[in-house]
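Encoded as structure tokens, the structure appears first; notes follow it.
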Amino acid sequence: MSWGSLGPMQKILILGGTGKTGRRIARRLHDAGRPVRTASRTGGDIPFDLDDPATWAPALDGVAAAYIVEPNRRPGPIAEFVADAVAAGVRRLVLLSAFGIDDADDGHPLKAAERAVRNAGVDWTILQPTWFAQNFSESFWLPGIRAGALALPTGDGRTPFVDAEDIAEVATAALTEDSHVGQTYQLTGPRAISFGEATDLIGKAADRTIRHVDIDPEVFVERQVTNGVPPDVAQLLTGLLMAIRDGRAAALGDGVQRALGRPPRSFEDYVTETAWN
Ligand SMILES: NC(=O)c1ccc[n+]([C@@H]2O[C@H](COP(=O)([O-])OP(=O)(O)OC[C@H]3O[C@@H](n4cnc5c(N)ncnc54)[C@H](OP(=O)(O)O)[C@@H]3O)[C@@H](O)[C@H]2O)c1
């Protein structure tokens, strides 16, 4: 059952609105002339902190649909936020989750978020992307790319990096079109590649040597903690990278094709269209 189409002038809230997917969704909605409110702790249209419930009501005021990002990677108040959103009149929710989350412990924050969204009693769509290609150019892997050596405990393991542009296109469709209600989309690129191949492709585009360096998982955890990452989050991220190393993160998802009726963008296209220097 759908709770009815969203009118073209109804406001859409984008959590993580300055992040890798959120700002791409906001750009698409702006271009389509839809009213958008981006929310984040700094730099969005409205200050919003998932860990500060006092910031929720102003963000939700007058909103008909919301894109939900759970930024913390540890248990947080996402179910309470979803309940407040519905009470405030939001009737369509699109959640950014993660590929493979069905196999995670019940206590995983994204699993809790999926439960909250599915049981909210309003229209929902869940996006389950694998690792974003843009982690190389906008996020945690950029310092290694800049330094010419990206040290990750992934061995020769392969994974089908997904382009954040594809995630944003699917999210925009789910926020504005009725046909995605009740769908869970597994979003990946078209081909699993290793970090060695990924850094080779980026090195060719940047015209300099960039290598992937395989490191011991425990050393990787220690390095992250030294850089200020909380130990539990460092363990969680390392566990996810170990899944790549062990060959458990190579599966392809059909979500881009199902949602958009076209194949996902290739990693090669992402590399070619990104400024590396
Ligand atoms: N990156 C990947 O490869 C990947 C793959 C699969 C799933 N995911 C999932 O995607 C989600 C986004 O992760 P990401 O690392 O890619 O981040 P991102 O969306 O690029 O950036 C995080 C966004 O959330 C905002 N934010 C951070 N802490 C916040 C808080 N306490 N309250 C409100 N907003 C906050 C940030 O802005 P401010 O700092 O200004 O608040 C930023 O806009 C996570 O749930 C992650 O598990 C990521």
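In this text, residue positions in the sequence shown follow the numbering used here: the first is 1, and each later residue adds one. Even glycine gets a Cβ: it sits at the ideal position worked out from N, Cα and C. Just so we're clear, the structure is a prediction, and the values are computed from it rather than from any experiment.
Can you tell me the Cα-Cα spacing of Thr-159 and Ile-210, whole angstroms? Numbered from 1 along the sequence shown, position 159 holds the residue referred to as residue 159. Numbered from 1 along the sequence shown, position 210 holds the residue referred to as residue 210. Distance from the CA of Thr-159 to the CA of Ile-210, rounded to the nearest whole angstrom, comes to 19 Å.
What are the partner residues of Asp-14, as DSSP defines its beta bridges? One-based indexing of the sequence shown puts residue 14 at position 14. Per the sequence presented here, residue 14 reads as Ile, with Asp not at that position. Paired residues: Thr-38 and Tyr-67.
I'd like to confirm the pairing. Which residues does DSSP put opposite Gln-186 in its beta bridges? Residue 186 sits at position 186 when you count from the first residue of the sequence shown. According to DSSP, Gln-186 bridges with Gln-128.
Under the three-state reduction of DSSP, which class applies to Ile-193: helix, strand or coil? Mapped onto the sequence shown, residue 193 falls at position 193. Looking at Ile-193 - three-state DSSP - the assignment turns out to be strand.
Local Cβ density within 10 Å of Glu-222, reported as buried at 16 or more and exposed below that: Residue 222 sits at position 222 when you count from the first residue of the sequence shown. Answer is exposed; the Cβ neighbour count stays below 16.
If distances are taken between C-alpha atoms only, which option among Gly-22, Glu-197 and Asn-277 comes closest to Ser-40? Translated into the one-based positions of the sequence shown, residue 40 becomes position 40. Of the candidates Gly-22, Glu-197 and Asn-277, the one whose C-alpha sits nearest the C-alpha of Ser-40 is Gly-22.
Which stretch, first to last residue, makes up the alpha helix (DSSP H) that contains Val-221? Mapped onto the sequence shown, residue 221 falls at position 221. DSSP places Val-221 inside the alpha helix (DSSP H), whose first and last residues are 217 to 226.
So Ala-250 is in the beta strand (DSSP E); what residue range does that whole segment cover? By 1-based counting over the sequence shown, the position of residue 250 is 250. Counting along the chain, Ala-250 falls outside any beta strand (DSSP E), and DSSP gives it neither H nor E.
Hey, how far is the Cα of Thr-172 from the Cα of Arg-258? By one-based count along the sequence shown, residue 172 stands at place 172. By one-based count along the sequence shown, residue 258 stands at place 258. Cα-Cα distance, rounded: 14 Å.
Within this structure, are the beta carbons of Leu-50 and Gly-76 separated by less than 8 Å? Start at 1 with the first residue of the sequence shown, and residue 50 comes out as number 50. Start at 1 with the first residue of the sequence shown, and residue 76 comes out as number 76. Remark: C-beta atoms of Leu-50 and Gly-76 approach each other more closely than 8 Å.
So what does DSSP say about Val-229, is it helix, strand or coil? Walking along the sequence shown from the start, residue 229 turns up at place 229. Coil.
Any heavy atom of ligand 1 within a distance shorter than 7 Å of the CB on Trp-131? As a position in the sequence shown, residue 131 is number 131, starting the count at 1. Yes, the Cβ of Trp-131 comes within 7 Å of a heavy atom of ligand 1.
Would Val-219 be called buried (16 or more neighbouring beta carbons within 10 Å of its own) or exposed? To locate residue 219, count along the sequence shown from 1; it is residue 219. By the C-beta density criterion, Val-219 is exposed, having fewer than 16 other C-beta atoms within 10 angstroms.
Using the Cα positions of Thr-285 and Pro-35, report the straight-line distance between them to the nearest angstrom. Residue 285 lies beyond the range of the chain shown here (1 to 277); nothing can be said about it.
Rounding to the nearest angstrom, what Cα-Cα distance links Ser-266 and Arg-191 in this structure? Start at 1 with the first residue of the sequence shown, and residue 266 comes out as number 266. Start at 1 with the first residue of the sequence shown, and residue 191 comes out as number 191. When the Cα atoms are used, Ser-266 and Arg-191 turn out to be separated by approximately 8 Å.
Within the same chain, show all residues whose beta-carbon is closer than 6 Å to that of Ala-85, passing over the 5 residues directly before and after it, in chain order. Translated into positions along the sequence shown, residue 85 becomes position 85. The answer, listed in chain order, is Leu-60 and Ala-66.
Are at least three pairs of beta-carbons, each pair with one atom in the stretch 241 to 250 and one in the stretch 143 to 162, less than 8 Å apart? Remark: three or more beta-carbon pairs, one from each stretch, lie closer than 8 Å, so the stretch 241 to 250 and the stretch 143 to 162 are flagged as touching.
Measuring CB atoms only, is the stretch 116 to 130 touching the stretch 92 to 106, in the sense that at least three cross pairs come out at less than 8 Å? Contact between the stretch 116 to 130 and the stretch 92 to 106 is present, because at least three Cβ pairs lie under 8 Å.
Does Pro-47 come out as helix, strand or coil in the three-state DSSP assignment? Looking up residue 47 in the sequence shown gives position 47. Residue state, collapsed to three classes: strand.
Could you have a look at Ala-151 and say whether DSSP puts it in helix, strand or coil? Here the question's residue 151 lines up with position 151 in the sequence shown. Three-state result, Ala-151: strand.
Name the residue from Ala-168, Thr-130 and Val-162 whose alpha carbon lies nearest to the alpha carbon of Leu-29. Along the sequence shown, read from residue 1 onward, the residue named residue 29 stands at position 29. Per the C-alpha coordinates, the member of Ala-168, Thr-130 and Val-162 positioned closest to Leu-29 is Ala-168.
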